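First the structure, in the form of structure tokens, and then the observations on it.
Residue numbers (our numbering): 28 to 463.
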């Protein structure tokens with residue numbers, strides 16, 4: 028271990044501060060590539076605690092910034108973070124959407140390099156102002172219209188800060204190096220690739236991450252062998268045709284809307300794979316300009332998912348065939364832009380066993396669940412695969428908490444005890460791998 032006393036003692040000492048950190052973050056949510064407040068908030072604390080802090084283009088690859096908001100929105104949210112009190116020195120490198128923070132602390136004792144990943148982005152959701160919703164009732168609901176932390180990433184960030192504070196106070200007894208990765212843009216699944224491309228994972232012997240709630244819905248639970256990480260691919264699709272007058276010369280037009288409709292209808296008709304579950308969804312469709320003009324352009328966003336990488340690859344292949352077929356049928360130009368990806372991935376087996384052993388000795392753990400489904404997609408899987416392919420090991424767990432209102436709902440909230448419980452486990456698993 029990195030201390031001679033129980034980790035829960037250090038964590039407990041700073042737990043009241045961690046509650047305030049979570050609530051500060053909850054009040055100032057910003058979504059993908061706009062997380063300037065969280066970036067500055069985290070960076071300032073890490074620097075204060077003695078971490079080497081990396082920001083901006085040093086940690087984010089520009090060519091991986093998919094679905095970047097326009098310049099006006101980027102500037103608005105940058106200014107909003109300054110108005111909320113973050114220091115400009117900590118977010119100036121993030122201008123242009125280069126959000127996120129990496130903090131590195133080298134211990135005074137030799138040992139492995141251990142990474143911890145925490146996502147920091149919010150959702151584009153309007154938070155409830157009902158008295159039954161605790162953040163509204165207790166005065167820490169979102170102050171940013173249209174944005175809210177409705178998936179628990181504020182709690183994740185608080186767990187990370189509590190853990191970072193613990194290691195900073197125990198640097199003299201810390202084995203090896205810890206690297207904290209506060210990742211932007213998980214919700215759009217583009218933050219992890221942008222950080223991976225900068226080589227941030229390549230020196231890690233271990234990577235740990237986790238999520239509050241999901242399918243672990245009781246305080247004191249921790250779940251280990253996460254399965255049903257759904258592999259995912261997202262695309263932006265644009266059909267371009269020829270606009271003409273819908274009454275005088277419709278025969279001279281090339282109707283992009285018809286092509287898009289044909290494609291979407293047939294996308295939902297893809298035969299499902301026999302080797303496991305698959306999903307497809309078209310979440311938005313925009314086309315045309317007015318009543319009497321043949322639509323020149325149609326744009327939509329789609330995603331596929333599969334219980335395995337192979338099943339998702341099958342879905343992508345079929346999607347590609349249908350998109351091109353519709354373009355050919357209506358004589359349209361087609362542009363397909365990849366927008367995000369996530370993998371089906373599994374935890375390193377020996378870390379599952381070790382994690383269960385650690386959990387057995389933690390007073391905060393009331394139930395250690397050996398295996399549990401995730402039933403969603405997460406770009407942390409790309410980080411896990413990167414570490415595992417480089418000879419390291421990775422573990423992603425679920426930290427149990429009741430979910431009030433459901434993930435991504437306007438009334439989402441967590442039991443804040445999950446912050447302490449998550450940090451205690453991560454201290455324990457770090458001690459276990461650095462003492463091996």
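Yeah, the Cβ is synthetic: ideal placement off N, Cα and C, and Gly gets one too.
As the structure is a computational prediction, the values presented were derived from the model and not from experiment.
Ends of the alpha helix (DSSP H) at residue i?
i	result
residue 220	218–223
residue 332	Where residue 332 is concerned, there is no enclosing alpha helix (DSSP H), although the beta strand (DSSP E) it sits in stretches over 324–333.
residue 116	115–118
residue 364	Residue 364 -> not in any alpha helix (DSSP H); beta strand (DSSP E) instead, spanning 360–369.
residue 86	Taken as a continuous stretch (DSSP letters only), residue 86 belongs to no alpha helix (DSSP H), as it is neither H nor E.
residue 336	336–356
Taking DSSP as the reference, what is the three-state secondary structure of residue i?
i	result
residue 206	strand
residue 30	In this predicted model, residue 30 has a pLDDT of only 41, less than 50, meaning its place in the structure is not dependable; the value taken from the coordinates is given anyway. Note: residue 30 maps to coil in three-state DSSP.
residue 69	helix
residue 17	As shown, the chain starts at 28 and ends at 463. That puts residue 17 outside it, with no answer to give.
residue 295	coil
residue 212	coil
residue 374	coil
residue 109	helix
residue 166	coil
residue 388	coil
residue 46	helix
residue 257	coil
residue 243	coil
residue 321	coil
residue 448	helix
residue 79	strand
residue 104	helix
residue 286	helix
residue 125	coil
residue 41	helix
residue 382	helix
Please identify the residue among the options whose C-alpha is closest to the C-alpha of residue i.
i	options	result
residue 175	438, 373, 232 and 461	438
residue 403	140, 178 and 136	178
residue 65	108, 345 and 304	108
residue 162	408, 359, 329 and 52	52
residue 248	461, 430 and 57	430
residue 54	368, 154, 405 and 393	154
residue 63	73, 74, 78 and 82	82
residue 366	261, 324 and 166	261
residue 242	236, 250 and 235	250
residue 230	246, 140 and 123	140
residue 85	120, 302 and 405	120
residue 436	377, 129, 320 and 156	156
residue 283	316, 324 and 371	324
residue 397	98, 381, 410 and 412	381
residue 371	336, 145, 268 and 96	336
Determine which residues share a DSSP beta bridge with residue i and list them.
i	result
residue 396	250
residue 235	143 and 422
residue 281	269
residue 175	150
residue 430	441
residue 264	327 and 363
residue 403	256
Name the two residues that bound the continuous beta strand (DSSP E) containing residue i.
i	result
residue 407	It is not in any beta strand (DSSP E) - residue 407 instead sits in the alpha helix (DSSP H) that spans 407–416.
residue 310	305–314
residue 187	Where residue 187 is concerned, there is no enclosing beta strand (DSSP E), although the alpha helix (DSSP H) it sits in stretches over 180–196.
residue 130	128–133
Cutting at 8 Å between CB atoms, please list the residues of its own chain near residue i, excluding the five before and the five after it.
i	result
residue 446	42, 45, 46, 49, 182, 185, 186 and 189
residue 71	113, 114 and 117
Spatial neighbours of residue i within its chain, please: C-beta separation below 7 Å, excluding the five flanking residues on both sides.
i	result
residue 135	198, 199 and 201
residue 192	41 and 76
residue 350	264, 290, 361 and 363
residue 342	297, 305, 307, 331 and 333
residue 164	158
residue 111	55 and 64
residue 74	80
residue 58	148, 149, 150, 151, 174 and 214
residue 38	189, 193, 447, 450, 451 and 454
residue 32	Residue confidence for residue 32 is low, a pLDDT of 49 falling below 50, so the modelled location carries little weight; the figure read from the coordinates is stated next. Here the set comprises nothing.
Apart from the five residues on each side of it in sequence, which residues of its chain come closer than 6 Å, Cβ to Cβ, to residue i?
i	result
residue 218	210, 211 and 212
residue 102	none
residue 88	221, 224 and 225
residue 28	With a pLDDT of 43 at residue 28, under the threshold of 50, the modelled position of that residue is not reliable, and no figure is offered here.
residue 309	291, 327 and 329
residue 285	357
residue 56	149, 169, 171, 174, 175 and 176
residue 353	286, 289 and 290
Answer yes or no: the CB of residue i versus the heavy atoms of the ligand SAM, is any distance below 7 Å?
i	result
residue 378	You won't find the ligand SAM in this model; it holds no ligand whatsoever.
Does any C-beta atom of chain C lie closer than 8 Å to the C-beta of residue i?
i	result
residue 128	Reference to chain C is not applicable here, since this structure consists of a single protein chain.
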